[in-house]
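Under this note's numbering, the first residue of the sequence shown is numbered 69, with each subsequent residue one higher. Backbone N, C-alpha and C fix where the C-beta goes; we use that ideal spot for every residue, glycine too. For reference, the structure is listed below as structure tokens.
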Amino acid sequence: MSEYEYAVEKDKPLFGYVIKDAALESRVRTHGSSVIKTDHAQKLKAFRALVLTKMVRFWEDAKDIKISVGETLSHFARRGELVGWVRASQEANMPALADEIARLSKENAELRSQIAESGVNDSTLGLDFRDLRNILEQKRSARQESHETIIGTN
């Protein structure tokens with residue numbers, strides 16, 4: 069089942085954009101038949117028929133899609149019954165969330181303390197990020213120069 073079919077089954081708000089037949093024919097004339105997916109042609113035809121049973125907008129080029137998507141999303145944003153993935157009407161378990169945040173904060177503090185006590189700092193072999201980067205850039209530059217010298221002598 070496609071996401072579109074799932075949305076239809078669950079009565080979710082959806083929108084469909086379908087290429088105009090004339091635009092598709094023009095693309096075939098310009099780019100050849102490779103612009104048409106021939107794998108699973110019957111499935112594509114059935115899916116297109118399903119999409120066309122609902123409200124759709126037709127497009128000819130990317131500009132049409134951009135405009136239509138912007139308009140549709142703006143329309144959806146104004147719909148009061150669409151409150152998001154987590155509904156505001158579903159109350160979160162605030163005490164459990166507060167306990168989890170406290171537990172994670174304590175664990176974070178303990179780990180920071182362990183790092184501080186171990187003497188490990190934010191470096192590798194005593195070098196900070198800038199030092200390591202400079203060394204690697206020097207090695208890369210030397211390797212490129214060596215490669216250019218080898219190529220130049222052949």
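- Item | Residues sharing a beta bridge with Val86, DSSP | Taking the sequence shown and counting its residues from 1, one reaches residue 86 at position 18. The partner list for Val86 (beta bridge, DSSP) reads Phe126.
- Task: Would you kindly report the start and end of the unbroken alpha helix (DSSP H) that includes Arg147?
- Result: Numbered from 1 along the sequence shown, position 79 holds the residue referred to as residue 147. Segment: none, Arg147 is in no alpha helix (DSSP H) and carries neither H nor E.
- Task: Compute the distance between the beta-carbons of Val86 and Val137, then report whether it is under 8 Å.
- Result: Position 18 of the sequence shown, counted from the start, is the residue given in the question as residue 86. Position 69 of the sequence shown, counted from the start, is the residue given in the question as residue 137. Cβ atoms of Val86 and Val137: not closer than 8 Å.
- Which two residues bound the contiguous alpha helix (DSSP H) that contains Ala160? Numbered from its first residue, the sequence shown carries residue 160 at position 92. Segment: none, Ala160 is in no alpha helix (DSSP H) and carries neither H nor E.
- Query: Taking the Cβ atom as the reference point for each residue, do Ala91 and Leu82 lie within a distance shorter than 8 Å?
  - Reply: Residue numbering aside, residue 91 sits at position 23 when the sequence shown is read from its first letter. Residue numbering aside, residue 82 sits at position 14 when the sequence shown is read from its first letter. Result no, Cβ atoms of Ala91 and Leu82 do not sit closer than 8 Å.
- Please classify Ile169: does DSSP put it in a helix, a strand, or coil? Sequence index remark: in the sequence shown, residue 169 carries index 101 (1-based). Per DSSP, reduced to three states, the secondary structure at Ile169 is helical.
- Query: If Arg95 sits next to Val103, beta carbons under 8 Å apart, how far is it from one beta carbon to the other, in whole angstroms?
  - Reply: Locating residue 95 in the sequence shown gives position 27, counting from the first residue. Locating residue 103 in the sequence shown gives position 35, counting from the first residue. At roughly 5 Å, the Cβ-Cβ gap stays under 8 Å, so Arg95 and Val103 are in contact.
- Query: How long is the line joining the alpha carbons of Lys122 and Gly84, rounded to whole angstroms?
  - Reply: As a first step, residue 122 is located in the sequence shown; it is residue number 54 there, counting from the start. As a first step, residue 84 is located in the sequence shown; it is residue number 16 there, counting from the start. Rounded to whole angstroms, Lys122 to Gly84 spans 8 Å at the Cα level.
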